[in-house]
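Below is one structure, written out as structure tokens, with a few remarks after it.
In the working numbering, the protein residues as written are 136 to 374.
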């Protein structure tokens, strides 16, 4: 009975209104695959939610994997102005750890100009794990990066999403993940049970304790949009 109840908990739709990003907070999205790859779809759908409201989004790419086509697929079917909305998506790519640091340092000024309510930093740890960067330097740069992001979140009243791996692959990786976790007021973690087509995936959010599967209803995109001072918004369940 306990096992069946646990499975039902995994399969029920997640209450997106509970976990939708709030301004002034940092969210760590912990997923599987390279640099938390599986969490990108959730960040992308929240980005689209924001763009549909006519607002701007800043996306910093730390793994050279930003693809605008993926963002376009998150828009509701029949959204004629989808490509026009992308003009308000500001993408910065960091090809080295120092370029990434510079992009983050500029955020406070750039967000003050665009008034964007949402900042997404995808795979910042990838650059900090570069073997050409020593352990001490990697920790110092990560500490500075997180301080800048916290400043942006609080002073600019912005929701900040940081995409990372779920499981560390090295001692340095573990330490960097812990640094992000300590600075984040929210954790959204993807869990996987099984393999291949039989794999079950579900999300868990802390501190709310909410868990379940991302809703498959596209109408969720507009339904959970909230006022600026409350949350950034939510999106559909496409993957």
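A virtual CB, placed ideally from N, CA and C, is assigned to each residue, including glycine.
Best match in the options for proximity to residue i [C-alpha to C-alpha]
i	options	result
residue 156	301, 192, 327, 197	192
residue 176	161, 190, 202	202
residue 239	275, 264, 284, 230	284
residue 213	187, 194, 170, 237	187
residue 197	181, 235, 310	235
Local conformation of residue i per DSSP, three classes
i	result
residue 263	helix
residue 257	strand
residue 148	strand
residue 330	coil
residue 369	Residue placement at residue 369 is poorly supported in this model, since its pLDDT is 45, which falls under 50; the coordinates still yield a value, given next. Here residue 369 sits in coil by DSSP.
residue 155	coil
residue 340	strand
residue 351	coil
residue 374	Annotation note: pLDDT 40 at residue 374 (below 50); position unreliable, coordinate value reported separately. Residue state, collapsed to three classes: coil.
residue 192	strand
residue 287	helix
residue 320	coil
Nonlocal neighbours in the same chain, by C-beta distance under 8 Å from residue i, ignoring five residues either side
i	result
residue 308	260, 264, 300
residue 305	264
residue 243	283, 286, 287, 290, 291
Own chain partners of residue i with C-beta closer than 6 Å, once the 5 adjacent residues on each side are dropped
i	result
residue 147	347
Spatial neighbours of residue i in its chain, beta-carbon cut-off 7 Å, leaving aside the 5 residues before and after
i	result
residue 251	190, 191, 192, 193, 293
Residue-chain proximity (residue i, chain C), Cβ-Cβ < 8 Å
i	result
residue 172	Among the chains in the structure shown there is no chain C, since it carries only a single protein chain.
Count the C-beta pairs between the region 273 to 289 and the region 146 to 155 that are closer than 8 Å, then say yes if the count reaches three, no if not. no
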